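Undergrad:
Number of protein chains: 2
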Amino acid sequence: MASPEIDALTQALSRLPGLGPRSARRAVLHLVKKRETALDPLLTALDRVARNLATCSTCGNVDTTDPCGICTDPRRDDRSLCVVEEVADLWALDRARLFPGRFHVLGGRLSALEGVRPDDLAIDSLVGRVAAGGIDEVVLAMNATLEGQTTAHYIAERIEKYPVRLTQLAHGLPVGGELDYLDEGTLAQALRARRPVA
Amino acid sequence: MASPEIDALTQALSRLPGLGPRSARRAVLHLVKKRETALDPLLTALDRVARNLATCSTCGNVDTTDPCGICTDPRRDDRSLCVVEEVADLWALDRARLFPGRFHVLGGRLSALEGVRPDDLAIDSLVGRVAAGGIDEVVLAMNATLEGQTTAHYIAERIEKYPVRLTQLAHGLPVGGELDYLDEGTLAQALRARRPVA
Ligand SMILES: [Zn+2]
Ligand SMILES: [Zn+2]
Numbered sequence: 003m004a005s006p007e008i009d010a011l012t013q014a015l016s017r018l019p020g021l022g023p024r025s026a027r028r029a030v031l032h033l034v035k036k037r038e039t040a041l042d043p044l045l046t047a048l049d050r051v052a053r054n055l056a057t058c059s060t061c062g063n064v065d066t067t068d069p070c071g072i073c074t075d076p077r078r079d080d081r082s083l084c085v086v087e088e089v090a091d092l093w094a095l096d097r098a099r100l101f102p103g104r105f106h107v108l109g110g111r112l113s114a115l116e117g118v119r120p121d122d123l124a125i126d127s128l129v130g131r132v133a134a135g136g137i138d139e140v141v142l143a144m145n146a147t148l149e150g151q152t153t154a155h156y157i158a159e160r161i162e163k164y165p166v167r168l169t170q171l172a173h174g175l176p177v178g179g180e181l182d183y184l185d186e187g188t189l190a191q192a193l194r195a196r197r198p199v200a
Numbered sequence: 003m004a005s006p007e008i009d010a011l012t013q014a015l016s017r018l019p020g021l022g023p024r025s026a027r028r029a030v031l032h033l034v035k036k037r038e039t040a041l042d043p044l045l046t047a048l049d050r051v052a053r054n055l056a057t058c059s060t061c062g063n064v065d066t067t068d069p070c071g072i073c074t075d076p077r078r079d080d081r082s083l084c085v086v087e088e089v090a091d092l093w094a095l096d097r098a099r100l101f102p103g104r105f106h107v108l109g110g111r112l113s114a115l116e117g118v119r120p121d122d123l124a125i126d127s128l129v130g131r132v133a134a135g136g137i138d139e140v141v142l143a144m145n146a147t148l149e150g151q152t153t154a155h156y157i158a159e160r161i162e163k164y165p166v167r168l169t170q171l172a173h174g175l176p177v178g179g180e181l182d183y184l185d186e187g188t189l190a191q192a193l194r195a196r197r198p199v200a
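Protein sequence lines, in the order shown, are assigned to chains A and B.
This note's numbering puts the first residue of the first sequence at 3, with every later residue one more than the last.
This note's numbering puts the first residue of the second sequence at 3, with every later residue one more than the last.
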């Protein structure tokens with residue numbers, strides 16, 4: 003019905019989380035009607051991100067520079083390191099400026115079911131950062147799922163020989179809850195009440 | 003916190019209808035994590051639309067060709083013309099292939115309050131199309147608002163001297179309802195029960 007170009011744009015937008023076919027059509031209509039104020043700025047922004055996209059070789063964050071903006075931010079505390087499963091979790095914690103230190107993205111969680119082993123995650127590089135020294139506290143911010151907690155235990159075993167305080171997010175996360183879906187209040191509370199790993 | 007490029011993309015997306023700041027962040031995360039399957043296709047699609055965007059000089063539709071795909075579609079009935087206020091209304095009616103004829107987009111509705119006069123709308127060009135002949139029926143598909151109905155009356159007066167059947171969408175549209183927000187069932191029913199303008 004619409005032109006192939008407009009159909010393709012509608013389809014590309016409808017694959018974004020939170021946008022179904024109907025809202026994608028509405029978004030496309032908005033874009034084509036507001037060329038100067040909507041379409042062109044989005045195109046420019048998308049193009050700039052596409053040109054500069056990089057995975058941080060230090061922490062695993064996705065950003066437009068390597069090392070990423072968090073790893074190079076001089077206002078952050080080098081001595082605190084927060085370990086998360088996914089980039090989405092880093093963004094969730096960083097969104098409300100909840101954690102003032104650095105991050106480490108594992109790229110997943112251990113899973114017997116899905117065949118995810120320690121070598122599949124950025125665990126050796128985490129241990130390397132801890133072994134290099136200068137870190138006082140490692141916060142394990144895994145999801146409150148069985149696999150997340152298994153991953154946290156495994157990392158705790160790998161790190162316990164180093165002189166760092168090892169903490170995890172307070173229970174208070176809803177059981178089975180995925181970090182990335184929590185509101186900032188819950189995240190802030192869980193972070194405030196973080197406790198040493200037993 | 004995020005890089006300026008990623009912030010700019012988040013902001014550009016959050017201005018789309020249906021996407022707030024939170025879902026825009028989630029969409030950006032999806033885009034940067036799925037470069038090949040999400041970001042690049044969206045960039046390509048957006049770029050193609052931006053390069054080809056055109057307002058149809060016949061009907062006022064926005065498309066990637068001029069005349070638009072609806073005006074050039076040989077399967078459509080030249081003798082039926084559906085007049086709508088906005089491109090959004092054309093898309094709403096066209097979405098479910100409800101109307102098999104051609105369209106005419108006025109670009110708004112008469113409004114004393116907002117100072118919108120007949121000359122501000124594509125009414126002369128509509129009368130021109132009708133005067134040129136070959137049209138049997140003109141369907142006035144204005145919104146069921148005071149201004150939409152005023153616009154319909156004005157157009158009816160301008161067109162009544164021509165040998166066309168002049169119809170309007172059945173009442174059955176919710177009072178104050180905007181065409182673009184109605185479900186397809188309601189639109190289909192209103193179109194089926196269209197009646198001659200009194
Ligand atoms: Zn980094
Ligand atoms: Zn057209």
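We put the beta carbon where it would ideally sit given N, CA and C, even for glycine.
As the structure is a prediction and not an experimental result, all values here were calculated from the model.
Taking all protein chains shown into account, do 16 or more other C-beta atoms lie within 10 angstroms of the C-beta of B/G187, making it buried, or fewer, making it exposed?
TA: Exposed, because fewer than 16 other Cβ atoms sit within 10 Å of the Cβ of B/G187.
Undergrad: Go ahead and pull the three-state DSSP assignment for B/T60.
TA: Three-state DSSP puts B/T60 in coil, outside helix and strand.
Undergrad: Relative to the alpha-carbon of A/A133, which residue among A/R160, A/A40, A/P76 has its alpha-carbon at the smallest distance?
TA: Of the listed residues, the one whose Cα sits closest to A/A133 is A/R160.
Undergrad: Hey, how far is the Cα of A/A190 from the Cα of A/R99?
TA: C-alpha separation (whole angstroms): 9 Å.
Undergrad: Show which residues of chain A have a CB atom less than 8 Å away from the CB atom of B/A190.
TA: In chain order: nothing, as chain A lies at least about 16 Å away.
Undergrad: So which of A/P19, A/A29, A/G20 has the shortest CA-CA distance to A/T12?
TA: Comparing Cα-Cα distances from A/T12 to each of A/P19, A/A29, A/G20, the minimum goes to A/A29.
Undergrad: Flag this pair as touching only if the region 134 to 149 of chain A and the region 80 to 99 of chain A have three or more C-beta atom pairs under 8 Å; answer yes or no.
TA: Because the criterion of three Cβ pairs below 8 Å is met, the region 134 to 149 of chain A and the region 80 to 99 of chain A touch.
Undergrad: By Cβ distance below 7 Å, which residues in the same chain neighbour B/A56 in space, the five residues on each side in sequence not counted?
TA: Correct list, in chain order: D65, T66, T67, D68.
Undergrad: The region 96 to 113 of chain A: which residues have C-beta closer than 8 Å to a C-beta of chain B, in chain order?
TA: Cβ contacts with chain B: D96, R97, R99.
Undergrad: Along chain E, in chain order, which residues have C-beta atoms closer than 7 Å to that of B/V89?
TA: Among the protein chains of the structure shown, namely A and B, there is no chain E.
Undergrad: Specify whether the region 41 to 48 of chain B and the region 101 to 109 of chain B touch according to this definition: at least 3 beta carbon pairs, one from each stretch, less than 8 Å apart.
TA: No, because fewer than three Cβ pairs between the region 41 to 48 of chain B and the region 101 to 109 of chain B fall closer than 8 Å, the two stretches do not touch.
Undergrad: When you compare the CB of B/S127 with every CB in chain A, is at least one pair closer than 9 Å?
TA: For B/S127, the answer is no, since every Cβ of chain A falls outside 9 Å of its Cβ.
Undergrad: 9 Å is my cut-off, CB to CB: does A/G71 come that close to chain B?
TA: Taking Cβ atoms only, chain B reaches closer than 9 Å to A/G71, which makes this a yes.
Undergrad: Please find out if some non-hydrogen atom of ligand 2 comes closer than 8 Å to the beta-carbon of B/C84.
TA: No, Cβ of B/C84 sits at least 8 Å from all heavy atoms of ligand 2.
Undergrad: Taking any Cβ of chain A, which residues in the region 50 to 79 of chain B have a Cβ under 7 Å from it, in chain order?
TA: Answer in chain order: R50, V51, A52, N54, L55, V64, D65, T66, T67, G71.
Undergrad: Give me the Cα-Cα distance between B/G119 and A/A14, rounded to the nearest whole angstrom.
TA: Position check: residue 119 of chain B holds Arg in this sequence, whereas Gly was assumed. Their backbone Cα atoms lie some 39 Å apart in a straight line.
Undergrad: Quick one: is B/L11 near chain A, going by C-beta distance under 9 Å?
TA: Chain A, which has a Cβ nearer than 9 Å to the Cβ of B/L11, makes this yes.
Undergrad: Using a threshold of 8 Å, is the CB atom of B/P165 nearer than that to any non-hydrogen atom of ligand 2?
TA: No; taking the cut-off as 8 Å, the Cβ of B/P165 has no heavy atom of ligand 2 nearer than that.
Undergrad: Report the three-state DSSP secondary structure of B/D49 (helix, strand or coil).
TA: Helix.
Undergrad: Taking only beta-carbon positions, decide if A/A146 is within less than 9 Å of chain B.
TA: No - not a single Cβ of chain B is within 9 Å of the one on A/A146.
Undergrad: Is A/N63 near ligand 1 - that is, is its Cβ less than 8 Å away from at least one heavy atom of it?
TA: Within the cutoff, so yes.
Undergrad: Could you tell me which residues DSSP pairs with A/C84 in its beta bridges?
TA: In the DSSP output, where bridge partners are listed per residue, A/C84 has A/F105, A/V141.
Undergrad: Buried or exposed: B/S5, going by 16 or more other Cβ atoms within 10 Å of its Cβ?
TA: Buried: at least 16 other Cβ atoms inside 10 Å.
Undergrad: Under 9 Å, do B/T169 and B/R111 count as touching if we go by C-beta distance?
TA: The answer is no: Cβ separation not under 9 Å.
Undergrad: Answer yes or no: the CB of A/C70 versus the heavy atoms of ligand 2, is any distance below 8 Å?
TA: Checking every heavy atom of ligand 2 against the Cβ of A/C70, none is found closer than 8 Å.
Undergrad: Is the CB-CB distance between B/R97 and A/R27 below 9 Å?
TA: Yes, these two residues count as a Cβ contact at 9 Å.
Undergrad: Any chance the CB of B/F105 is under 8 Å from a heavy atom of ligand 2?
TA: Yes, Cβ of B/F105 sits closer than 8 Å to a heavy atom of ligand 2.
Undergrad: If you drop the 5 nearest sequence neighbours on each side, which residues of the same chain put their C-beta closer than 7 Å to that of B/C58?
TA: Taken in chain order, the residues that qualify are D65, D68, P69, C70, C73.
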